[in-house]
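In what follows, a single structure is set out as structure tokens and then discussed.
2 protein chains.
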Amino acid sequence: MGGDLGPAEVVAAVQLVLADAAMDPVTLVGDEAVLRPLLAAAGLADNPRVSIHHASEVITMEDKPLQALKRKKDSSMVRAIDLVKTGAARVTISCGNTGALMAGSTLRLRMMEGVERPALAAVIPREGGHFILIDAGANPEPRPEHLVHNAILGANYAKVILGVANPRVGLISIGTEEGKGNTLTTETNDRLKRINGIINYVGPVEGFQVFRDTVDVIVCDGFVGNTLLKTWESLAKFITSLLKQELKANPLRMGGAVLAKGAFDALKSRMNPDRYGGAPLLGVRGNILKAHGSSNRHALASAIRAAAKIIHQDLYQHTESDVARANALLAAPAPVATPAS
Amino acid sequence: MGGDLGPAEVVAAVQLVLADAAMDPVTLVGDEAVLRPLLAAAGLADNPRVSIHHASEVITMEDKPLQALKRKKDSSMVRAIDLVKTGAARVTISCGNTGALMAGSTLRLRMMEGVERPALAAVIPREGGHFILIDAGANPEPRPEHLVHNAILGANYAKVILGVANPRVGLISIGTEEGKGNTLTTETNDRLKRINGIINYVGPVEGFQVFRDTVDVIVCDGFVGNTLLKTWESLAKFITSLLKQELKANPLRMGGAVLAKGAFDALKSRMNPDRYGGAPLLGVRGNILKAHGSSNRHALASAIRAAAKIIHQDLYQHTESDVARANALLAAPAPVATPAS
Chain Z
-13 MGGDLGPAEV
-3 VAAVQLVLAD
7 AAMDPVTLVG
17 DEAVLRPLLA
27 AAGLADNPRV
37 SIHHASEVIT
47 MEDKPLQALK
57 RKKDSSMVRA
67 IDLVKTGAAR
77 VTISCGNTGA
87 LMAGSTLRLR
97 MMEGVERPAL
107 AAVIPREGGH
117 FILIDAGANP
127 EPRPEHLVHN
137 AILGANYAKV
147 ILGVANPRVG
157 LISIGTEEGK
167 GNTLTTETND
177 RLKRINGIIN
187 YVGPVEGFQV
197 FRDTVDVIVC
207 DGFVGNTLLK
217 TWESLAKFIT
227 SLLKQELKAN
237 PLRMGGAVLA
247 KGAFDALKSR
257 MNPDRYGGAP
267 LLGVRGNILK
277 AHGSSNRHAL
287 ASAIRAAAKI
297 IHQDLYQHTE
307 SDVARANALL
317 AAPAPVATPA
327 S
Chain H
-13 MGGDLGPAEV
-3 VAAVQLVLAD
7 AAMDPVTLVG
17 DEAVLRPLLA
27 AAGLADNPRV
37 SIHHASEVIT
47 MEDKPLQALK
57 RKKDSSMVRA
67 IDLVKTGAAR
77 VTISCGNTGA
87 LMAGSTLRLR
97 MMEGVERPAL
107 AAVIPREGGH
117 FILIDAGANP
127 EPRPEHLVHN
137 AILGANYAKV
147 ILGVANPRVG
157 LISIGTEEGK
167 GNTLTTETND
177 RLKRINGIIN
187 YVGPVEGFQV
197 FRDTVDVIVC
207 DGFVGNTLLK
217 TWESLAKFIT
227 SLLKQELKAN
237 PLRMGGAVLA
247 KGAFDALKSR
257 MNPDRYGGAP
267 LLGVRGNILK
277 AHGSSNRHAL
287 ASAIRAAAKI
297 IHQDLYQHTE
307 SDVARANALL
317 AAPAPVATPA
327 S
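Chains as they are written, first to last, in the numbering used here: chain Z, -13 to 327; chain H, -13 to 327.
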């Protein structure tokens, strides 16, 4: 029912995206009595590309995921996931409770063929573009196979959403020499090297390379990914707040800040992840996109456009086929190293 | 022999700290033929508080730690560690090869009583002050007991270096509710709650709390800590470089930037970790401080002052005593939860 800003913001986003005549039809899932007047007010009442799928309940941010999924069968989230399950929708976007969306999608849709665990992907700005961080928190204790699948899920998502033909995939580690890192990264690195060709694996990357133009996809476990994302947000806010304090310290600096305001605005906009509007939950059997709870109409419109790309570029089929090839390669006996004669 | 800037910078740092009459005597470990003229040039040749301990070799940044330690027995690093081992020095500072310093200290000094693995601590600026991040990379695959020891090592270091009487200790996790996180954080959390009182454990903290004034010590495994530190540095550089680009985009902004220059300089200085000058390697049997390879005289002077605090406030004895108490508590049978009658 629309995240922190409510359903009116969702309707405004639909209005924005439908200005594009090529946009796919959109179904709003939620309380019809609330949605119908909002659509009418937006001049969308008779638009053949908008429909309402009624749901009488809402899972809130405070709800415990598993309990809410069990008790609120007629919630907008459960109904929207089920639209993907039945094929009535090809992708679902939610800005609701992340835990409930992950659990609900995994339980109701089950997994993509060959994949064992879901992964959340996030699009992050860096020098010269953006990268995909996967996993941003769906699976905090993965096995190496899970990270191999994440690499494939992330690479395919990078092709679709960043438009990079052959995305460079790196595994986050604490040193790029062989043997550095921990058991998980060492075993994952071995497997990723074996499936090179299916993805463009460039090897382990260290933290200081993350915001440089080194790789397009960064693979990590969900514990590390979630911690990185949250601390990055925290650090960016801290730097901004320090800079604001310093700029207000005397009239000279304040005058300078007024003149340079355009630079600060531009910086804010470049750091803003709204452009990519959502974090897909990859690896489940169907397309699910998580938008931020505080998404405004522009962020939601970006999410809807991202969802359309996911469909049109057939993300799901391409990913599933790469996973099948990788699993077959990894199931074959590992090559034995022989000294050059 | 002085990191990237060479031994002259170390001598300059010694000159700075010895201006304080209360500063302890300093021994320079390295090539006497190089150091003696530098001391003379700095007017320190006859200063009774400076001495030279000759060492003919140098472990370089490119050396492989274990190999270098084995082959270069007369290196300044090995000699300086041995001064702590024999009690000739109470603390050693190095801005050399981190891997060699960690391995050399662990192998030559062995561990503090009751501690199994060393940990690197880092001092990081945040809103309203600084926090200690431990472990910054010494132990990438710890067991819960190791993190419990890290909490004690970090809390004692926070008392000495941040001057906080009862530092708040948090365990980094991906949700603050019970059961969130992974096996390592769940098991560590259980143990930390049991030793509460020995340290001031406030519970799990999430990434977005890290740069707020929430805790004084953040405990994490060495893989997470090393990755966080390196990505934070990378992100701060990225934000700075974006801002510079934007400020240069037109003459108006450039004028503003000139007026506001003081604010940018102040921000840089507040983000600068030089003030705390070093990352201690905690948990080994003796005091070892790692300074950044690129340390200038001011950073090195801060490290020497930090080293003096470590001695005067008896960091080692306090820590060892807390570890013994915690180990005794954890060795006792775990309390059984009983419902209130």
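Virtual Cβ for every residue (Gly too), placed ideally from N, Cα, C.
Cβ-Cβ distance between residue i and residue j below 8 Å
i                      : j                      : result
residue 301 of chain H : residue 187 of chain H : no
residue 286 of chain H : residue 18 of chain H  : no
residue 361 of chain Z : residue 202 of chain Z : Nothing in the structure corresponds to residue 361 of chain Z, since chain Z is present only between -13 and 327.
residue 16 of chain H  : residue 80 of chain H  : no
residue 224 of chain Z : residue 112 of chain Z : no
residue 137 of chain Z : residue 178 of chain Z : yes
residue 59 of chain H  : residue 94 of chain H  : no
residue 194 of chain H : residue 219 of chain Z : yes
residue 64 of chain Z  : residue 52 of chain Z  : no
residue 30 of chain H  : residue 0 of chain H   : yes
residue 184 of chain H : residue 6 of chain H   : no
residue 245 of chain H : residue 242 of chain Z : yes
residue 140 of chain Z : residue 155 of chain Z : yes
residue 280 of chain H : residue -10 of chain H : yes
DSSP-derived helix/strand/coil call for residue i
i                      : result
residue 80 of chain Z  : strand
residue 47 of chain H  : coil
residue 108 of chain H : strand
residue 327 of chain H : With a pLDDT of only 46 at residue 327 of chain H, under the threshold of 50, the placement of this residue in the model should not be trusted, and no figure is reported.
residue 116 of chain H : strand
residue 188 of chain Z : strand
residue 162 of chain H : coil
residue 172 of chain Z : helix
residue 85 of chain H  : helix
residue -1 of chain Z  : helix
residue -9 of chain Z  : helix
residue 146 of chain Z : helix
residue 196 of chain Z : coil
residue 266 of chain H : strand
residue 98 of chain H  : coil
residue 204 of chain H : strand
residue 156 of chain H : strand
residue 16 of chain H  : strand
Cβ of residue i within 8 Å of any chain H Cβ
i                      : result
residue 220 of chain Z : yes
residue 126 of chain Z : yes
residue 246 of chain Z : yes
residue 209 of chain Z : yes
residue 327 of chain Z : For residue 327 of chain Z, the predicted structure reports a pLDDT of 47, less than 50, and the residue's modelled location is therefore unreliable. A value from the coordinates is still provided. Answer no: the Cβ-Cβ gap between residue 327 of chain Z and chain H never drops below 8 Å.
residue -10 of chain Z : no
residue 276 of chain Z : no
residue -7 of chain Z  : no
residue 214 of chain Z : yes
residue 313 of chain Z : no
residue 168 of chain Z : yes
is_contact[residue i, chain Z] using C-beta, thresh 8 Å
i                      : result
residue 24 of chain H  : no
residue 160 of chain H : yes
residue 109 of chain H : no
residue 293 of chain H : no
residue 280 of chain H : no
residue 239 of chain H : yes
residue 227 of chain H : yes
residue -1 of chain H  : no
residue 43 of chain H  : no
residue 142 of chain H : no
residue 189 of chain H : no
Cβ distance (whole Å) where residue i is taken to contact residue j below 8 Å
i                      : j                      : result
residue 87 of chain Z  : residue 267 of chain Z : 7 Å
residue 212 of chain Z : residue 160 of chain H : 4 Å
residue 264 of chain Z : residue 277 of chain Z : 5 Å
residue 100 of chain Z : residue 310 of chain Z : 6 Å
residue 273 of chain H : residue 96 of chain H  : Not really, about 14 Å apart at Cβ, beyond 8 Å.
residue 222 of chain Z : residue 257 of chain Z : 6 Å
residue 20 of chain H  : residue 36 of chain H  : Not confirmed; about 15 Å, so no contact.
residue 240 of chain H : residue 234 of chain H : 6 Å
Continuous alpha helix (DSSP H) assignments of at least 4 residues falling wholly in the segment 25 to 75 of chain Z:
51 to 57, 62 to 72
Please go through the segment 207 to 254 of chain H and give each complete alpha helix (DSSP H) segment of 4 or more residues, from N-terminal end onward.
208 to 233, 237 to 245
Contained alpha helix (DSSP H) runs [length at least 4] in the segment 268 to 316 of chain H, N- to C-terminal order:
If one requires a minimum length of 4 residues, the alpha helix (DSSP H) runs lying completely within the segment 268 to 316 of chain H are 283 to 298, in chain order.
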